[in-house]
Amino acid sequence: MRIEQLMRTESEVVPLVLFLALAALFALLGLFLVLRPGRSAEFFADEDAHRRFRARDVRALGAVFLVGGGALVALGAVRLAGILTAG
C-alpha cells in the first residue's frame, strides 16, 4: 500500500507544479498590466473597435488577472503542501 500511495503522490505533483507555474504567469501578467496600463492599452488597441481600449480598462483587466492568478497560486500551494505532507 505504501508504494501505491507514493506512485499516486508523484503522479499528482507534476501536473500541480505545472498548474502553479501557469497561475503564477497569470498573476505576473496581471501585475504587468496594473503597473504599465498605458503601454498595455497600446498593445491591446484595436483600430476596428467602437471604443478605444483605455488605460482604465487595462488596469481593471490586470486586477482580475492579478487577483485570480494569486488565488490560484495560493490554492495550488495549499494543495501541493497537502500532498507532500500526506506522504
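For the sequence shown, our numbering assigns the number 1 to the initial residue and increments by one for each residue that follows. Glycine included, every Cβ here is placed at the ideal spot set by N, Cα and C. Bear in mind the structure is a predicted one, so any value in this text is a computation, not a measurement.
C-beta atoms of residue i and residue j nearer than 8 Å
i, j, result
"G69", "F26", "yes"
"G62", "G30", "yes"
"R54", "A41", "yes"
"L22", "F65", "no"
"V14", "I83", "no"
Helix, strand or coil at residue i according to DSSP, with G and I counted as helix
i, result
"F53", "coil"
"R39", "helix"
"F27", "Reading off the sequence shown, one finds Ala at residue 27, where the question assumed Phe. Of the three classes helix, strand and coil, the one that applies to A27 here is helix, per DSSP."
"E47", "coil"
"V67", "helix"
"V13", "helix"
Minimum C-alpha distance to residue i - residue among the options
i, options, result
"R39", "D48, V58, V67 and V78", "V58"
"V17", "L66, F43 and A81", "A81"
"A24", "A86, V73 and R79", "V73"
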